[in-house]
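Have a look at the structure below, then the notes.
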Amino acid sequence: MKPQEKPPCENLTKLMDFVLLDFAELPHLQGLLFALFLVIYISTLLGNGTILLITKVDPALRTPMYFFLGNFSFLEMCYVSTTLPRMLANLWTQRRTISLVACATQMCCVVVLGGTECLLLAMMSYDRYVAICSPLHYPLLMNPRVCVQMVAGCWVTGVPVLVGLTFQIFSLPFCGSNLINHFFCDIPPILKLAFGDTFWTEMMVYLVNVLLVTAPFLLILVSYGKIISTILRLSSSTSRAKAFSTCSSHLVVVTLFYGSAIITYLRPKNQDSGGTDKVLSLFYTIVTPLFNPLIYSLRNKDVIMALRKLLFK
4 MKPQEKPPCE NLTKLMDFVL LDFAELPHLQ GLLFALFLVI YISTLLGNGT ILLITKVDPA
64 LRTPMYFFLG NFSFLEMCYV STTLPRMLAN LWTQRRTISL VACATQMCCV VVLGGTECLL
124 LAMMSYDRYV AICSPLHYPL LMNPRVCVQM VAGCWVTGVP VLVGLTFQIF SLPFCGSNLI
184 NHFFCDIPPI LKLAFGDTFW TEMMVYLVNV LLVTAPFLLI LVSYGKIIST ILRLSSSTSR
244 AKAFSTCSSH LVVVTLFYGS AIITYLRPKN QDSGGTDKVL SLFYTIVTPL FNPLIYSLRN
304 KDVIMALRKL LFK
């Protein structure tokens, strides 16, 4: 028997909305999942908001490292707000429909903020590289003007590329299934629903990922390779421990974010990878923003001291 051919897209009804399945396969846990993700969302906003606040009000934290950390915390608050509110509404109402325009908007916000996070993590690693490998030049190389320019560059560099990528993806015809096996409009599950040949769009996705995910990751690896080499040459064990402590928190965040993002976007796809993509996406969209304040506060004496001052005030 010949395989059944798909009818032309012109003969099917073009989709005007999608259905986010999120965790619909767990019908008896919807209330528990709503409560869990609500606590996670509130905790993420409070934790990152606190980090942002203390980096702005405490004079001891007005350094380039904490300037980047404050911006990173603000970015995490924006990032988690692009996915969790919609998922909470879906869990509460059990109405999972999302319009095509809303889906495109959500995807655009997620990829723009994700690209910004990749670049900002790379800038934070460069800051640590200069501080440890060129301490005498640090005040000159990382002056306030340069830091502002670096952060602004992180926020705007990927915007035209990622907006264009989103437009390209949603220019594809959608006229088959409208069920998205995910909790937000991510690129892989949306491309699976596109009708027709998506080869060039997928190549564009890979190219953008190489430029905005892999390239910053390689910069981080090079920076930390030089950092570790410099630290190991220090004669004092106390100096080595102090240098490692200033970098370890950033390395943990990099591992959580990049590990899950690279596996999600750069690994080969198959028809049954939806569940895996969903789990991996939880790490870089929800887990990293949640644990970011804990990672930086529990391993940083300056942040703990600033928190104590804020609480006593």
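This note's numbering numbers the first residue of the sequence shown as 4 and each following residue consecutively.
All C-beta atoms, glycine included, are put in the ideal place defined by N, C-alpha and C.
Output the residue ranges of the alpha helix (DSSP H) runs that lie fully inside the region 24 to 107 and measure 4 residues or longer, sorted by chain position. Correct list: 33 to 60, 67 to 84 and 87 to 96.
Could you check where the alpha helix (DSSP H) with Asn212 kicks off and where it finishes? Position 209 of the sequence shown, counting from 1, holds the residue named residue 212. That run of the alpha helix (DSSP H) goes Phe202 to Asn212.
Report the partner residues of Leu182 according to the DSSP bridge assignment. Along the sequence shown, one-based indexing puts residue 182 at 179. According to DSSP, which records beta bridges pairwise, Leu182 is partnered with Val22.
In whole angstroms, what separates the C-alpha of Asn93 from that of Thr100? Along the sequence shown, read from residue 1 onward, the residue named residue 93 stands at position 90. Along the sequence shown, read from residue 1 onward, the residue named residue 100 stands at position 97. Distance between the alpha carbons of Asn93 and Thr100 is about 8 Å.
Just to confirm the assignment, what range does the alpha helix (DSSP H) spanning Arg311 have? Here residue 311 refers to the residue found at position 308 of the sequence shown. Segment Lys304 to Phe315, the alpha helix (DSSP H) holding Arg311.
Could you tell me which of Ser128, Leu313 and Ile265 sits nearest to Val225, measuring between CA atoms? Stepping through the sequence shown from its first residue, residue 225 is reached at position 222. The option with the nearest alpha carbon to Val225 is Ser128.
When the Cβ atoms of the region 203 to 210 are set against those of the region 131 to 143, are three or more pairs found closer than 8 Å? These segments do not touch.
Compare the C-alpha of Pro296 against each of Phe77, Val22 and Glu28 and name the closest. In the sequence shown, counting from the first residue as 1, residue 296 sits at position 293. Selected option, being the one with the closest Cα: Phe77.
Identity of the residue in Leu55, Pro192, Thr169 and Pro62 nearest Cys81 by Cα: Counting from one through the sequence shown, the residue named residue 81 turns up at place 78. Ranked by Cα distance from Cys81, the options Leu55, Pro192, Thr169 and Pro62 are led by Leu55.
In whole angstroms, what is the alpha-carbon distance linking Val306 and Phe294? Counting from one through the sequence shown, the residue named residue 306 turns up at place 303. Counting from one through the sequence shown, the residue named residue 294 turns up at place 291. CA-CA distance, Val306 to Phe294, rounds to 15 Å.
Range of the contiguous alpha helix (DSSP H) that encloses Leu196: Here the question's residue 196 lines up with position 193 in the sequence shown. Residues Ile190 to Leu196.
Alpha carbon to alpha carbon, how far is Leu116 from Phe26? Give it in angstroms, no decimals. The residue you call residue 26 lines up with position 23 of the sequence shown. The residue you call residue 116 lines up with position 113 of the sequence shown. Distance between the alpha carbons of Phe26 and Leu116: 24 Å.
Using the Cα positions of Tyr261 and Ile234, report the straight-line distance between them to the nearest angstrom. Position 258 of the sequence shown, counting from 1, holds the residue named residue 261. Position 231 of the sequence shown, counting from 1, holds the residue named residue 234. Our two residues, Tyr261 and Ile234, have alpha carbons roughly 24 Å apart in a direct line.
Which residues in the same chain have their Cβ closer than 8 Å to the Cβ of Leu41, if we skip the five residues on either side of it in sequence? Taking the sequence shown and counting its residues from 1, one reaches residue 41 at position 38. Same-chain partners within the cutoff: Leu91.
Taking all protein chains shown into account, decide if Lys59 is buried (16 or more other Cβ within 10 angstroms of its Cβ) or exposed. Looking up residue 59 in the sequence shown gives position 56. Result: exposed.
How long is the line joining the alpha carbons of Ser242 and Met153, rounded to whole angstroms? Numbered from its first residue, the sequence shown carries residue 242 at position 239. Numbered from its first residue, the sequence shown carries residue 153 at position 150. Spanning the two alpha carbons is a distance of roughly 28 Å.
Can you find the residues in the same chain that come closer than 6 Å, C-beta to C-beta, to Leu165, ignoring five residues on each side of it along the sequence? Within the sequence shown, the letter at position 162 stands for residue 165. Answer for Leu165: Val114, Val115 and Gly118, listed in chain order.
Using DSSP with H/G/I as helix, E/B as strand and the rest coil, what is Asn295? As a first step, residue 295 must be located in the sequence shown, where it is residue number 292. Note: Asn295 maps to helix in three-state DSSP.
Can you check which of these residues, Val216, Tyr44 and Met19, is closest to Arg89 by C-alpha distance? In the sequence shown, counting from the first residue as 1, residue 89 sits at position 86. The option with the nearest alpha carbon to Arg89 is Tyr44.
Within the same chain, show all residues whose beta-carbon is closer than 7 Å to that of Gln171, passing over the 5 residues directly before and after it, in chain order. Translated into the one-based positions of the sequence shown, residue 171 becomes position 168. Hits under 7 Å: Thr204 and Met207.
Tell me which same chain residues have a C-beta within less than 8 Å of the C-beta of Leu259, skipping the five on either side of it? Indexing the sequence shown from 1 puts residue 259 at position 256. Once the five neighbours on either side are set aside, the close Cβ partners of Leu259 are Phe286, Tyr287, Val290, Thr291 and Phe294.
Mapping DSSP to helix, strand and coil, what is His253? Here residue 253 refers to the residue found at position 250 of the sequence shown. Here His253 sits in helix by DSSP.
Alpha carbons only, please: which of Leu87, Leu72, Arg65 and Pro67 is nearest the one belonging to Ala38? The count along the sequence shown starts at 1 and reaches residue 38 at position 35. Ranking the options by Cα distance to Ala38, first place goes to Leu87.
Exposure of Phe315, with buried meaning 16 or more beta-carbon neighbours within 10 Å: Along the sequence shown, read from residue 1 onward, the residue named residue 315 stands at position 312. Its Cβ having fewer than 16 others within 10 Å, Phe315 is exposed.
If you run the structure through DSSP and keep just helix, strand and coil, what is Met126? Mapped onto the sequence shown, residue 126 falls at position 123. Residue state, collapsed to three classes: helix.
Who are the near neighbours of Ala309 in its chain, counting only those whose CB is closer than 7 Å to its CB and skipping five residues on each side? If you number the sequence shown from 1, residue 309 lands on position 306. Around Ala309: Ile57, Asp61, Ala63 and Leu64.
Taking Pro3 as part of the alpha helix (DSSP H), name the residues at either end of that continuous run. With the chain covering 4 to 316 only, the question about residue 3 has no answer from this structure.
Taking Leu48 as the reference, which of Phe75, Gly34, Phe70 and Lys281 has the closest Cα? What you label residue 48 is simply residue 45 of the sequence shown in a count that begins at 1. Out of Phe75, Gly34, Phe70 and Lys281, Phe75 has the C-alpha closest to the C-alpha of Leu48.
Under the three-state DSSP convention, the category Pro147 falls into: Against the sequence shown, residue 147 aligns to sequence position 144. Residue state, collapsed to three classes: helix.
Considering Leu237, what are the terminal residues of the alpha helix (DSSP H) in which it resides? One-based indexing of the sequence shown puts residue 237 at position 234. That residue, Leu237, is in no alpha helix (DSSP H); it is neither H nor E in DSSP.
Comparing C-alpha positions only, which one of Gln97, Cys121 and Val213 sits nearest to Glu28? One-based indexing of the sequence shown puts residue 28 at position 25. The candidate whose alpha carbon is nearest that of Glu28 is Gln97.
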